[in-house]
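Enquirer: When the letters of the sequence shown are read in order and numbered with numbering that gives the first Met the number 0, they come out as residues 0 to 613.
Glycine is no exception: its CB is placed at the ideal position from the N, C-alpha and C atoms.
Bear in mind that the values here come from a model prediction, so they are computed numbers and not experimental data.
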Amino acid sequence: MDTDRMASPQSSRMASPQSSRMASPQSSRMASPQSSRMATPQSSRMASPQSSRMASPQSSRMATPQSSRHSSSVSSSPMSRMHSLQVDSVQRWMEDLRHMTEVECMCVLQAKPIGVEEDTQGELIVATGDHVARNNLQTLLRRALVVSTELGKMFQRLEKGRWQRVHSTAVRANCHVRSLVHEYSAARNTPAEMQKYEKSLLEKCMELTTITERCLHTEDEFFLKSMREAIHEILTDVSDSFSHMIDMALANEIQILIRQIESSDSVYTIGSAISNLLSLTQDGPQLCRIIAKEGAVVALFKICRQDCFSDLYAHALRTVASICCVEEGINQLEKVDGILCLADILTDENSAEAARAEAAAVVAQITSPHHTSTQHLGSFLESMQDIVTALIKLCESASCGEVFLLASAALANITFFDSMACEILLQLNAIHILLQSCKDRQRVDTPYSKDQVVTILANLSVLEQSSSEVLQEKGIERLLQLLGEKPSSSSPSEGAACERVQQKAAVTLARLSRDPDVAQTAIQLRGCPEEAGGGVSRQHRGRRPPAVDQAQTGGLFLAVLQHGRELCMRRSRAEGLGAQQWRLLRGGRLIIMSGMEKNGMVSTTCLTPFRTLL
0 MDTDRMASPQ SSRMASPQSS RMASPQSSRM ASPQSSRMAT PQSSRMASPQ SSRMASPQSS
60 RMATPQSSRH SSSVSSSPMS RMHSLQVDSV QRWMEDLRHM TEVECMCVLQ AKPIGVEEDT
120 QGELIVATGD HVARNNLQTL LRRALVVSTE LGKMFQRLEK GRWQRVHSTA VRANCHVRSL
180 VHEYSAARNT PAEMQKYEKS LLEKCMELTT ITERCLHTED EFFLKSMREA IHEILTDVSD
240 SFSHMIDMAL ANEIQILIRQ IESSDSVYTI GSAISNLLSL TQDGPQLCRI IAKEGAVVAL
300 FKICRQDCFS DLYAHALRTV ASICCVEEGI NQLEKVDGIL CLADILTDEN SAEAARAEAA
360 AVVAQITSPH HTSTQHLGSF LESMQDIVTA LIKLCESASC GEVFLLASAA LANITFFDSM
420 ACEILLQLNA IHILLQSCKD RQRVDTPYSK DQVVTILANL SVLEQSSSEV LQEKGIERLL
480 QLLGEKPSSS SPSEGAACER VQQKAAVTLA RLSRDPDVAQ TAIQLRGCPE EAGGGVSRQH
540 RGRRPPAVDQ AQTGGLFLAV LQHGRELCMR RSRAEGLGAQ QWRLLRGGRL IIMSGMEKNG
600 MVSTTCLTPF RTLL
């Protein structure tokens, strides 16, 4: 009769009344020292052979050492079976306890009935209902990260042959996977396909736990080598199956959010769902791909086409920009004619500045040079005139640095892939607008904004008519100032941005110096490359630049050299070039040459223009 009671689900592998009382809320999940970790032989996971043979289905699925040893002994040889039986179960459990204390507690709590009122307090329980809070999605990701970390540890310990650690890690991973699957299945109506993966994953986890335990009872090198290969194969299958299951779970959660966006009329509900999607996009490109495949871009553009949701335009477009960091998002945008919608928002003067700024962010994202696919740019060219006009106006009227940065970044990307955009910008007096913006610290307040401005100027300088406009707006002086751009903090990203500003400013000056008037103006302003070259050489004086900076620093040196070469080629036309100016040019030459040769950045053949012309 005692063993019959132990087989019932209510008792859940704990026959004694003392242990069964641990399921009540008053016990606070085994808070007492007597019940913590179930130290008594009566409640120690049915240590007796009688109770272990009478285990309920719930407990038979748990990764307990006893059940694992029974299952392994069935398939093992008679000698290994006898060796397994000679090991005292309680003693074995006490040895494993130091590695699996928390896991054992989780196993017991998982098998015990927990009241509904306690579910709302548990961090690991996924919320029920149609409303999915951000923390629930983040909890799912955290749980997935825990399992992935355990599986990664198993791979490392398996290579080192640390079998005790391999087994304990397998037990922990098995427990985490089962806990996650059971909790999520209880809270969600999971699709049939996902249930199939869950079942297969749980079986593989149990197999992994069983096979790793068999390796603890032998020192046969040949056997362990064969087991290592088998475990590695099973572990790879578990990792792949778990990743696929998590992707399906996240896709299921994302579908719930998209249904809220499509079916709800409440601005608050839609805004909350969009916020959750935006939060998910910050967790990497893999999640962005899942979000794009589930149709989030389509749903978000439906919001942007309804006047009643105009307050949500900025929020929705920011999410679209994040999703479009992957090509799947851009493809979805093209299918719903998203570029036309962006053009409508940008050209609508009644649209809020925040909405137009986020539309500019989407344009900057889809025109980024980092994307390998450019098929979507065909439809973009049809609306480019309107988009470029709206973007330069947004730069001129921007109320803060963030708005200017987004608009100028979009323009900078557009000027890279089509020369017609540069011609449009010249017609719209873009050089005047951009150079005037550089004087306004409210709009251009960071090296990142200056990077976008000087990128546009560098691309515009390819056109011959740009030099006269730059001279008219006193742009040479501004470009020379940008040559000496220095970071205001020790941030590596800000330092890299300053180097890009210096490099592109030098490139712009080199291109513009083909015009004799520009070269003359640069010489009169003492526009030799001394300052930029000296700044970089002083930065790395006495040491080789870090490998990560060599490419950018080398590009800066080459750009400065090109600028100096253009000035030297115009020396015969430069009236008033006296001894002092020549000393400045020679000083710049020496600084650049010493910096480049000392750091081994560029071959000495690159210095020929200065050596021959100076």
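Please look up how many angstroms separate the CB atoms of residue 354 and residue 313, rounded, as I've assumed it's under 8 Å.
Expert: Sure, about 5 Å apart at Cβ, within 8 Å.
Enquirer: Apart from the five residues on each side of it in sequence, which residues of its chain come closer than 7 Å, Cβ to Cβ, to residue 282?
Expert: Scanning its chain for C-beta atoms nearer than 7 Å, with the 5 sequence neighbours on each side dropped, one finds around residue 282 the residues 140, in chain order.
Enquirer: Pull up the distance between the alpha-carbon of residue 91 and that of residue 148, whole angstroms please.
Expert: 26 Å
Enquirer: Does the separation of the CB atoms of residue 469 and residue 420 fall below 9 Å?
Expert: no
Enquirer: Counting C-beta neighbours from all protein chains within 10 Å, is the total for residue 258 16 or more, i.e. buried, or is it exposed?
Expert: exposed
Enquirer: Taking DSSP as the reference, what is the three-state secondary structure of residue 66?
Expert: Confidence in residue 66 is poor, its pLDDT being 42 and thus under 50, which makes the residue's placement too unreliable to answer from.
Enquirer: Residues in the same chain with beta-carbon distance under 8 Å from residue 616, minus the five sequence neighbours each way, listed in chain order, please.
Expert: Outside the displayed span of the chain (0 to 613) sits residue 616, for which this structure offers no information.
Enquirer: If distances are taken between C-alpha atoms only, which option among 207, 435, 201 and 344 comes closest to residue 168?
Expert: 207
Enquirer: Taking 9 Å as the threshold (C-beta atoms), are residue 331 and residue 359 in contact?
Expert: no
Enquirer: From the DSSP output, in three-state form, read off residue 369 for me.
Expert: coil
Enquirer: Taking 8 Å as the cut-off, does the segment 468-484 touch the segment 421-435 (at least 3 CB pairs, one atom from each stretch)?
Expert: yes
Enquirer: Using the three-state DSSP reduction, which class does residue 190 fall into: helix, strand or coil?
Expert: coil
Enquirer: Closer than 7 Å by C-beta to residue 327: which residues in its own chain qualify, once you throw out the five before and the five after it? Chain order, please.
Expert: 288, 291 and 292
Enquirer: Hey, residue 425 and residue 462 are a contact pair by Cβ (cut 8 Å); roughly how many whole angstroms apart?
Expert: 6 Å
Enquirer: Can you look up residue 444 in the DSSP assignment and give me helix, strand or coil?
Expert: coil
Enquirer: Just reading off the alpha helix (DSSP H) that residue 224 is part of, what are its end residues?
Expert: Run containing residue 224: 220-262, per the alpha helix (DSSP H) assignment.
Enquirer: For residue 501 versus residue 474, is the C-beta spacing smaller than 9 Å?
Expert: no
Enquirer: What separation, rounded to the nearest whole angstrom, lies between the Cα atoms of residue 389 and residue 415?
Expert: 18 Å
Enquirer: Which residue comes first and which comes last in the alpha helix (DSSP H) that contains residue 491?
Expert: 491-511
Enquirer: Please decide whether residue 260 counts as near chain C, where near means a Cβ-Cβ distance under 9 Å.
Expert: Absence of chain C from the displayed structure is noted, only one protein chain being present.
Enquirer: Drop a sphere of 10 angstroms on the beta-carbon of residue 439, count the other beta-carbons inside from all chains shown, and report buried for 16 or more, exposed for fewer.
Expert: exposed
Enquirer: Just the C-alpha distance for residue 365 and residue 320, rounded to the nearest angstrom, thanks.
Expert: 8 Å
Enquirer: Apart from the five residues on each side of it in sequence, which residues of its chain come closer than 8 Å, Cβ to Cβ, to residue 157?
Expert: 165, 227, 230, 231 and 234
Enquirer: Compare the C-alpha of residue 448 against each of 341, 499 and 350 and name the closest.
Expert: 499
Enquirer: Could you say which of 511, 458, 477 and 450 lies nearest to residue 493 if we only look at CA atoms?
Expert: When each option's Cα is compared against that of residue 493, the closest is 450.
Enquirer: With distances taken between CB atoms, is the gap from residue 214 to residue 162 smaller than 9 Å?
Expert: yes
Enquirer: What's the call for residue 377, buried or exposed, on a 16-neighbour Cβ count within 10 Å?
Expert: exposed
Enquirer: Tell me whether residue 452 sits in a helix, a strand or coil according to DSSP, three-state version.
Expert: helix
Enquirer: Mind pulling the alpha helix (DSSP H) runs of 4 or more residues that sit fully within the segment 312-396?
Expert: 312-322, 326-334, 337-346, 352-365, 376-381 and 383-396
Enquirer: Select from 413, 481 and 296 the residue whose C-alpha is nearest the C-alpha of residue 506.
Expert: Checked all of 413, 481 and 296; the closest Cα to residue 506 is 481.
Enquirer: Tell me whether residue 307 is buried or exposed, calling it buried when 16 or more other Cβ atoms sit within 10 Å of its Cβ.
Expert: exposed
Enquirer: In terms of residues, what are the limits of the alpha helix (DSSP H) holding residue 519?
Expert: 515-523
Enquirer: Just the C-alpha distance for residue 302 and residue 185, rounded to the nearest angstrom, thanks.
Expert: So the alpha carbons of these two residues sit roughly 33 Å apart.
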